[in-house]
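Just so you know, we're using full-length UniProt numbering here: the sequence shown kicks off at 1 and counts up by one.
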Amino acid sequence: MSTRPVTSRLNLGSAPRRNVRTPTRASRHRRHTLIALTFLAPSALPLLVFSLIPMVRAMWTSLHKWNLIGPMRWVGFDNYVQLVKDPDTRAAFGHTVYYIVGYFPLVFVGGLALALALNRAMRGRNFVRGLYFLPVVTSWIAVALVWRWLLNPSVGIVNKVLEAVGIDGPGWWTDPSWAMPSIIFASAWKDLGFVMVILLAGLQTIPVDVQEAATIDGAGAWRRLWSVTLPLLTPSIFFVVIISLINGFQVFDQVYALTGGGPAGSSEVVVQRIYDLTFRYGQAGTASALSWLLVVVVLAVTLIQMRGEKKWVTYV
Numbered sequence: 001m002s003t004r005p006v007t008s009r010l011n012l013g014s015a016p017r018r019n020v021r022t023p024t025r026a027s028r029h030r031r032h033t034l035i036a037l038t039f040l041a042p043s044a045l046p047l048l049v050f051s052l053i054p055m056v057r058a059m060w061t062s063l064h065k066w067n068l069i070g071p072m073r074w075v076g077f078d079n080y081v082q083l084v085k086d087p088d089t090r091a092a093f094g095h096t097v098y099y100i101v102g103y104f105p106l107v108f109v110g111g112l113a114l115a116l117a118l119n120r121a122m123r124g125r126n127f128v129r130g131l132y133f134l135p136v137v138t139s140w141i142a143v144a145l146v147w148r149w150l151l152n153p154s155v156g157i158v159n160k161v162l163e164a165v166g167i168d169g170p171g172w173w174t175d176p177s178w179a180m181p182s183i184i185f186a187s188a189w190k191d192l193g194f195v196m197v198i199l200l201a202g203l204q205t206i207p208v209d210v211q212e213a214a215t216i217d218g219a220g221a222w223r224r225l226w227s228v229t230l231p232l233l234t235p236s237i238f239f240v241v242i243i244s245l246i247n248g249f250q251v252f253d254q255v256y257a258l259t260g261g262g263p264a265g266s267s268e269v270v271v272q273r274i275y276d277l278t279f280r281y282g283q284a285g286t287a288s289a290l291s292w293l294l295v296v297v298v299l300a301v302t303l304i305q306m307r308g309e310k311k312w313v314t315y316v
């Protein structure tokens, strides 16, 4: 009887081989994309319904004359030409830039100072952080009521304090030269906590070893701030700059709640102008054109910031 293994008698080479199809990179990519789109669909649907479709609708409306009641009348780009020539629209853009120029330094310097102060070990640190963040989650209607009382020309506590030291307080909300500065200060106060949290999160990502090495090399507190802390904090600063500029161009709540664009249009910003054109003057087509002009301006400013990111932002 042969002792050779049974397997040696089999003609393995003649057995048919089953072709196992290995998925290609393209097919795997398509499958992963399909899975990702499936998970994104529930959140993308509200974006489509409440953002993209209204934007397309606004673009179509901007090419018509429409008073929200009667039929639309095609005018092409006449609304855009009218806006470029309109002095009130140019003034609204000027007020918006004025707001941004005054608002950003206040909120950034204040938020950075708070972040640096609250990044140290101290008793009650979390409570103080929450206290400074509280105005961020407070509605502008409530904040406006407080600030309108504080800066009331007759009974406001600010003017009472100024009167006690021999200074006649201005009409914060009734004087055209003081309305926008008052809005800027109230806005910076409300948003201070948001900037503080962003910069505080950035400070906590800076390696302790880097700070210790700078201290060993003899760098003082100011030298460490300028040469170590701020360069490594630039990603967070960049985010604050982008968000602040976008929010600055879209400012509306505080203006509407505090002054309504007055007095005499001295604080009317672009979004307030869009609101007035739509609901006060019944010029929905012109308002839609202005909204698209604002989109173009915000997009251009954001792209300029993104292009310049590599020149000053340091990533660890």
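C-beta atoms are modelled at their ideal positions from N, C-alpha and C, and glycine is treated no differently.
Assigned secondary structure, R73 (DSSP; H/G/I helix, E/B strand, else coil): Under the three-state reduction of DSSP, R73 is assigned to strand.
Given Y80 as reference, the closest of Q204, L277 and A289 once Cα atoms are compared: The alpha carbon of Y80 has as its nearest neighbour, out of Q204, L277 and A289, the alpha carbon of A289.
Among R307, M306 and A284, the one whose alpha carbon lies nearest that of T61: The option with the nearest alpha carbon to T61 is A284.
Any 3 or more C-beta pairs closer than 8 Å across the segment 224-236 and the segment 198-215: A contact exists between the segment 224-236 and the segment 198-215.
Start-to-end residues for the alpha helix (DSSP H) that takes in F252: Per DSSP, F252 belongs to no alpha helix (DSSP H) and is neither H nor E.
Cβ pair V269, H64 closer than 8 Å: Between V269 and H64, the C-beta gap is not smaller than 8 Å, which leaves the two residues out of contact.
Segment contact, 8 Å Cβ cut-off, at least three pairs: the segment 183-190 with the segment 202-217: Put simply, the segment 183-190 does not touch the segment 202-217. Fewer than three CB pairs are less than 8 Å apart.
Local Cβ density within 10 Å of V271, reported as buried at 16 or more and exposed below that: Only buried fits V271, as 16 or more other CB atoms lie within 10 angstroms of its CB.
Spatial neighbours of P263 in its chain, beta-carbon cut-off 7 Å, leaving aside the 5 residues before and after: Listed in chain order, the non-local C-beta contacts of P263 below 7 Å within the same chain comprise T174, P176 and A179, local neighbours out to five positions each way being set aside.
Cβ-based neighbour list, V143, same chain, cut-off 6 Å, excluding 5 preceding and 5 following: Excluding positions up to five away in sequence, the list reads K190.
Residue environment, R125, which counts as buried when at least 16 other CB atoms sit within 10 Å: Classification for R125: exposed.
Beta-carbon proximity of Y99 to V295, cut-off 8 Å: No; because the gap between Cβ atoms is not below 8 Å, this pair is not in contact.
Sheet register partners of K160 (DSSP bridge): None; K160 has no bridge partner.
Span of the alpha helix (DSSP H) around W149: W149 -> alpha helix (DSSP H) spans W140 to L150.
Residues near M59 by beta carbon distance below 7 Å, same chain, minus five either side: W292.
Residues near P153 in its chain [Cβ-Cβ closer than 8 Å; skip 5 each side]: Result list for P153: N159, G169, P170, G171, W172, W173 and T174, in chain order.
Beta-carbon proximity of A92 to R273, cut-off 8 Å: A contact, by the Cβ cut-off of 8 Å.
7 Å Cβ shell around W147 - same chain, five flanking residues per side excluded: Excluding sequence neighbours, W147 sits near A186 and L258.
L83 beta carbon less than 8 Å from that of T286: In contact: T286 and L83 (Cβ atoms closer than 8 Å).
N-terminal and C-terminal residue of the alpha helix (DSSP H) that N126 is part of: Counting along the chain, N126 sits inside the alpha helix (DSSP H) bounded by residues R125 to F133.
Where the alpha helix (DSSP H) containing G193 begins and where it ends: Per DSSP, the unbroken alpha helix (DSSP H) holding G193 starts and ends at P176 to L203.
Of the residues E309, A300 and G265, the one placed nearest P87, counting alpha carbons only: If we check each option's Cα against that of P87, G265 comes out closest.
Candidates F50, R90, Y275 and T314, of which the one nearest L68 by Cα: Per the Cα distances, Y275.
Where the alpha helix (DSSP H) containing E268 begins and where it ends: From DSSP, E268 is part of no alpha helix (DSSP H); its letter is neither H nor E.
Proximity below 8 Å, CB of V228 to CB of F108: No. Outside cutoff.
CB contact flag (V255, S244, <8 Å): No; because the gap between Cβ atoms is not below 8 Å, this pair is not in contact.
Chain-order list of residues whose beta-carbon lies under 7 Å from that of T278 (same chain, five-residue window excluded): If the five residues before and after T278 are omitted, its C-beta is found closer than 7 Å to the C-beta atoms of A284 and A287, all from its own chain and listed in chain order.
Cβ neighbours of E163 in the same chain (closer than 6 Å, five flanking residues each side left out): Taken in chain order, the list of residues that qualify is empty.
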